[in-house]
Amino acid sequence: MVRTRAKMEQRMETLEIGKLATDEALIRMEDRLENLMVAMNRQFETMNERMTDMQNQNRDGRRSRSPHRHRSRTSNSPNTSRGNSTHSHTNNHRRREENPRFPIQPGRKIDLPLFNGVGAYNWVIRMERYFRLNNIDEEEMVEASMVAMEDKALNWFHVWESQTEVTDWETLKKSVIRRFQPELIQNPYDPMLSLKQIGSVQEYREEFEMVISHQKNMDRELLRGIFIKGLKKEIKAELKLYVSKSLSEIMEKATLIE
């Protein structure tokens with residue numbers, strides 16, 4: 001009887017020590033996550049400022065070159081203009097034959113991804129893959145994007161096209177994300193950090209995977225820590241007893257624990 005009680009007390013003491021160690025590890029992890037997020041937000045703000053400066057410089061450069069282009073066109077003689085027009089028509093015809101409008105490679109069918117205003121970032125990724133697989137010319141990317149839009153996204157596009165000086169794909173994709181998923185521009189890490197498990201682990205995992213799909217170059221250890229931080233307390237505590245090297249292993253362990 002005495003031995004049994006001693007063993008039980010020893011087990012309780014071991015469990016308490018393990019719980020304290022787990023709590024301390026969680027506190028250290030949360031502190032490290034907070035420091036990393038502060039540093040990453042600073043880097044993001046700096047990059048955003050640089051991108052804005054580059055866009056302004058490019059816009060000013062285009063404006064300064066526009067009058068020169070106009071003078072160059074008007075100075076051509078009628079014969080030269082006619083010759084250039086014929087040459088341009090021949091080149092355009094040859095390009096259309098080699099690369100027809102929105103082509104599909106033989107033996108495979110790639111559907112144009114539709115966009116109604118939901119999931120802007122993922123739509124941009126799918127469109128760029130569509131362009132690459134179908135060899136879409138850069139000057140046709142915006143037109144193909146318009147064909148893919150519907151509902152409120154299409155309404156927005158008409159306004160954007162009429163109010164924007166430079167209507168290329170790079171400008172369009174940034175404008176789409178800024179309009180329909182602004183949280184990725186303002187603070188790209190906030191949706192990830194605010195994510196908490198409410199339902200099952202599987203539901204939480206799907207939401208987490210959707211959010212981190214926007215962050216391709218994030219530190220792996222940081223991603224693991226953020227995923228664990230959002231789990232329910234009981235799953236989080238038991239998960240700490242396992243040694244997992246990858247995010248996928250941690251996700252699978254959490255599902256098994258539940």
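The numbering of the sequence shown is full-length UniProt numbering, which starts it at 1 and goes up by one. C-beta atoms are modelled at their ideal positions from N, C-alpha and C, and glycine is treated no differently.
By DSSP, does Met251 sit in helix, in strand, or in coil?
Position 251 of the sequence shown, counted from the start, is the residue given in the question as residue 251. Of the three classes helix, strand and coil, the one that applies to Met251 here is helix, per DSSP.
Can you give me the start and stop residues for the alpha helix (DSSP H) that Val241 sits inside?
Position 241 of the sequence shown, counted from the start, is the residue given in the question as residue 241. Looking at the sequence itself, residue 241 is Leu, so the reference to Val does not match. Here Leu241 belongs to no alpha helix (DSSP H), and DSSP marks it neither H nor E.
If you draw a straight line from the C-alpha of Ala254 to the C-alpha of Leu241, how long is it?
Position 254 of the sequence shown holds residue 254. Position 241 of the sequence shown holds residue 241. In a straight line, the C-alpha of Ala254 is about 11 Å away from that of Leu241.
Have a look at the DSSP bridge pairing and note the partners of Phe115.
By one-based count along the sequence shown, residue 115 stands at place 115. The partner list for Phe115 (beta bridge, DSSP) reads Met149.
Kindly give me the distance between the Cβ atoms of Lys229 and Gln197, rounded to whole angstroms, as I take these residues to be in contact under 8 Å.
Position 229 of the sequence shown, counted from the first residue, corresponds to residue 229. Position 197 of the sequence shown, counted from the first residue, corresponds to residue 197. The Cβ separation is near 10 Å, so there is no contact.
Would you tell me roughly how many angstroms separate the C-alpha atoms of Asn187 and Gly117, rounded to the nearest one?
Taking the sequence shown and counting its residues from 1, one reaches residue 187 at position 187. Taking the sequence shown and counting its residues from 1, one reaches residue 117 at position 117. Roughly 20 Å separates the two Cα atoms.
Where does the unbroken alpha helix (DSSP H) through Gln186 begin, and where does it stop?
Locating residue 186 in the sequence shown gives position 186, where the first residue counts as 1. Here the alpha helix (DSSP H) through Gln186 covers 183-186.
Does the contact criterion of 3 or more C-beta pairs under 8 Å hold for the region 138-146 versus the region 168-176?
As far as the Cβ criterion goes, the region 138-146 touches the region 168-176, which means the pair count is three or higher.
So, using beta-carbon positions, are Leu184 and Tyr130 closer together than 8 Å?
Numbered from its first residue, the sequence shown carries residue 184 at position 184. Numbered from its first residue, the sequence shown carries residue 130 at position 130. Going by C-beta atoms, Leu184 is not nearer than 8 Å to Tyr130.
One question on the structure: do Met192 and Ile226 come within less than 8 Å of each other, judged by their Cβ atoms?
Numbered from its first residue, the sequence shown carries residue 192 at position 192. Numbered from its first residue, the sequence shown carries residue 226 at position 226. Yes; because the gap between Cβ atoms is below 8 Å, this pair is in contact.
Can you tell me the Cα-Cα spacing of Leu239 and Leu195, whole angstroms?
In the sequence shown, the residue the question calls residue 239 occupies position 239. In the sequence shown, the residue the question calls residue 195 occupies position 195. Distance between the alpha carbons of Leu239 and Leu195: 18 Å.
To the nearest angstrom, how far is the alpha carbon of Pro113 from that of Met146?
Position 113 of the sequence shown, counting from 1, holds the residue named residue 113. Position 146 of the sequence shown, counting from 1, holds the residue named residue 146. Rounded to whole angstroms, Pro113 to Met146 spans 11 Å at the Cα level.
Taking C-beta to C-beta, are Ile257 and Ile235 nearer than 8 Å?
The sequence position of residue 257 within the sequence shown is 257, counting from 1. The sequence position of residue 235 within the sequence shown is 235, counting from 1. In this structure, Ile235 lies closer than 8 Å to Ile257 by Cβ.
Let me know the secondary structure DSSP gives Ile235 once reduced to three states.
On the sequence shown, position 235 is the one that residue 235 refers to. Helix, per DSSP.
The alpha helix (DSSP H) spanning Lys173 covers which residue range?
Against the sequence shown, residue 173 aligns to sequence position 173. Where Lys173 is concerned, the enclosing alpha helix (DSSP H) stretches over 169-180.
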